[in-house]
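Enquirer: In this text, residue positions in the sequence shown follow our numbering: the first is 10, and each later residue adds one.
Glycine included, C-beta positions come from ideal geometry on N, C-alpha and C.
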Amino acid sequence: MEYIQTIILAVVQGLTEFLPVSSSGHLSVFGHFMEPREDSLLLLVVLHIGTLVAVVVAFHSIITGMIKEFFLTIADIFTGKFKWSVMNDNRKMMFMTIIATSLLVPVYLFLKDFFTASEGDGDIIFEGCAFIFTAILLFLSDACLKGIKTGKDMKITDAVTVGLFQCVALFPGVSRSGSTITGGLLCGFSRQTAVAFSFILGIPAILGGGFMEIREALQSGLDINYIELLIGFVVSAVVGFFAIKLVKIIAKKEKFKIFGVYTAILGSLCIIWGTLEHLDLGIILF
Numbered sequence: 010m011e012y013i014q015t016i017i018l019a020v021v022q023g024l025t026e027f028l029p030v031s032s033s034g035h036l037s038v039f040g041h042f043m044e045p046r047e048d049s050l051l052l053l054v055v056l057h058i059g060t061l062v063a064v065v066v067a068f069h070s071i072i073t074g075m076i077k078e079f080f081l082t083i084a085d086i087f088t089g090k091f092k093w094s095v096m097n098d099n100r101k102m103m104f105m106t107i108i109a110t111s112l113l114v115p116v117y118l119f120l121k122d123f124f125t126a127s128e129g130d131g132d133i134i135f136e137g138c139a140f141i142f143t144a145i146l147l148f149l150s151d152a153c154l155k156g157i158k159t160g161k162d163m164k165i166t167d168a169v170t171v172g173l174f175q176c177v178a179l180f181p182g183v184s185r186s187g188s189t190i191t192g193g194l195l196c197g198f199s200r201q202t203a204v205a206f207s208f209i210l211g212i213p214a215i216l217g218g219g220f221m222e223i224r225e226a227l228q229s230g231l232d233i234n235y236i237e238l239l240i241g242f243v244v245s246a247v248v249g250f251f252a253i254k255l256v257k258i259i260a261k262k263e264k265f266k267i268f269g270v271y272t273a274i275l276g277s278l279c280i281i282w283g284t285l286e287h288l289d290l291g292i293i294l295f
């Protein structure tokens, strides 16, 4: 049963990390109805790392270019050749990623306990409200005018705007990809640029959160089933890769409202079920 549960969670993580429906919200809801596991934190970290690999594979050319530009930028600074006004797409994307991610750090550190409490409070009403908020964002994204900005056109204000949208996505039930893609579209990005920046922006967020959580998990002294973790890692990576491909197609066709309908329905169901649980009716109906 643990292997089956791991595969289910890996599929959910792989799909929902990139489809604009909130992976944290889905995992929180699934965890609400599943038996708690001692190794749940470590498993979730491994699944997140699996989806991280999917991003790296899907956007390897852009990521490789950004890494190259990072070192070239350092060389240009020391040789006096660096000019902020003269940057190619990859260099500008690198700086904008750093700026947008920097906003996430203080918000997470100051409000970490609040985010953790909202995920583990045994109540799915909050997640339901967050899902509905995600639905609103997705309907808004389809209503945005078609932008033309690419990586080289990004401004600091654009990075700050998308970074703030990513901060909101720390709440379980608010889609990170949905929020950041919407933020990018509101800034006038082309849909292709908004999707690429959204997923690349998720790399430092996943890495940072993963390193902190995996250290905590390993220090707990649990017996680790490495085969189970490997299965979860592979499944989440493969499913995540194809989910990215799907999002690219949907973004071009401006069909995010499909996920808006889904998250609105899911959010409503969570609120109804959570309310019934507060009235001690949920268990009876189930």
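Let's see if you can read the secondary structure: which residues bound the alpha helix (DSSP H) around G249?
Expert: Counted from its first residue, the sequence shown places residue 249 at position 240. Counting along the chain, the alpha helix (DSSP H) containing G249 begins and ends at 235 to 262.
Enquirer: Suppose you measure from the CA of D296 to the CA of S31; what does that come to, to the nearest Å?
Expert: Examination of residue 296 is not possible in this model, given that the chain is present from 10 through 295 alone.
Enquirer: For K158, does the three-state DSSP call read helix, strand or coil?
Expert: Locating residue 158 in the sequence shown gives position 149, counting from the first residue. It is a strand residue.
Enquirer: Evaluate the contact criterion for the segment 104 to 112 versus the segment 200 to 214: three or more CB pairs, one atom per stretch, below 8 Å.
Expert: In short, these stretches touch, since the Cβ pair count reaches three.
Enquirer: Touching or not, the segment 52 to 66 and the segment 85 to 98, by the rule of three or more beta carbon pairs under 8 Å?
Expert: No, they do not touch.
Enquirer: Would you tell me roughly how many angstroms separate the C-alpha atoms of F220 and S111, rounded to the nearest one?
Expert: In the sequence shown, residue 220 corresponds to position 211, counting from 1. In the sequence shown, residue 111 corresponds to position 102, counting from 1. Their Cα atoms are separated by approximately 17 Å.
Enquirer: On the criterion of 16 or more Cβ atoms from any shown chain inside 10 Å, does I253 qualify as buried, or is it exposed?
Expert: Within the sequence shown, the letter at position 244 stands for residue 253. I253 should be labelled buried.
Enquirer: In or out: V95 buried (at least 16 other Cβ within 10 Å) or exposed?
Expert: Residue numbering aside, residue 95 sits at position 86 when the sequence shown is read from its first letter. Classification for V95: exposed.
Enquirer: Answer yes if the segment 141 to 155 comes into contact with the segment 270 to 278, meaning at least three C-beta pairs across the two stretches below 8 Å, and no otherwise.
Expert: The answer is yes - the segment 141 to 155 touches the segment 270 to 278, with three or more Cβ pairs under 8 Å.
Enquirer: Consult DSSP for F119 and reduce its assignment to one of helix, strand or coil.
Expert: Along the sequence shown, one-based indexing puts residue 119 at 110. Three-state DSSP puts F119 in a helix.
Enquirer: Bridge partners of F198, per DSSP?
Expert: By one-based count along the sequence shown, residue 198 stands at place 189. F198 is bridged to K158.
Enquirer: Assign A152 to buried or exposed, taking buried as 16 or more other Cβ atoms, counted over all protein chains shown, within 10 Å of its Cβ.
Expert: Here residue 152 is taken as the residue at index 143 of the sequence shown, counted from 1. Per the 10 Å Cβ criterion, exposed.
Enquirer: Does the structure place the segment 155 to 171 close enough to the segment 241 to 260 that three or more beta carbon pairs sit under 8 Å?
Expert: No, the segment 241 to 260 is not in contact with the segment 155 to 171.
Enquirer: Taking the alpha-carbon positions, what's the V54 to G269 distance?
Expert: Residue mapping note: residue 54 aligns to position 45 of the sequence shown, counting from 1. Residue mapping note: residue 269 aligns to position 260 of the sequence shown, counting from 1. Rounded to the nearest angstrom, the two C-alpha atoms are 27 Å apart.
Enquirer: How is W282 classed by DSSP in three states: helix, strand or coil?
Expert: The sequence position of residue 282 within the sequence shown is 273, counting from 1. Helix, per DSSP.
Enquirer: Take L81 and list the residues in its own chain whose beta-carbon comes closer than 8 Å to its own, dropping the five residues that flank it on each side.
Expert: Counting from one through the sequence shown, the residue named residue 81 turns up at place 72. Only R100 meet the Cβ criterion.
Enquirer: Short check: CB of L52 to CB of T25, under 8 Å?
Expert: Within the sequence shown, numbered from 1, the residue matching residue 52 stands at position 43. Within the sequence shown, numbered from 1, the residue matching residue 25 stands at position 16. No. Outside cutoff.
Enquirer: To the nearest angstrom, how far is the alpha carbon of T166 from that of I258?
Expert: The sequence position of residue 166 within the sequence shown is 157, counting from 1. The sequence position of residue 258 within the sequence shown is 249, counting from 1. Going from the Cα of T166 to the Cα of I258 covers about 27 Å.
Enquirer: Where does C153 fall in DSSP's three states?
Expert: Looking up residue 153 in the sequence shown gives position 144. C153: coil per DSSP, three-state reduction.
Enquirer: Determine whether the beta carbon atoms of G40 and G137 lie at a separation below 8 Å.
Expert: Within the sequence shown, the letter at position 31 stands for residue 40. Within the sequence shown, the letter at position 128 stands for residue 137. Contact flag unset, no.
Enquirer: Rounded to a whole number of angstroms, what is the C-alpha to C-alpha distance between V20 and Y235?
Expert: In the sequence shown, counting from the first residue as 1, residue 20 sits at position 11. In the sequence shown, counting from the first residue as 1, residue 235 sits at position 226. Going by the C-alpha atoms only, they are around 18 Å apart.
Enquirer: Between the Cα of V327 and the Cα atoms of F265, F180, G172, G249, which residue gives the shortest distance?
Expert: The chain is shown only over 10 to 295; residue 327 falls outside these bounds and no answer can be derived.
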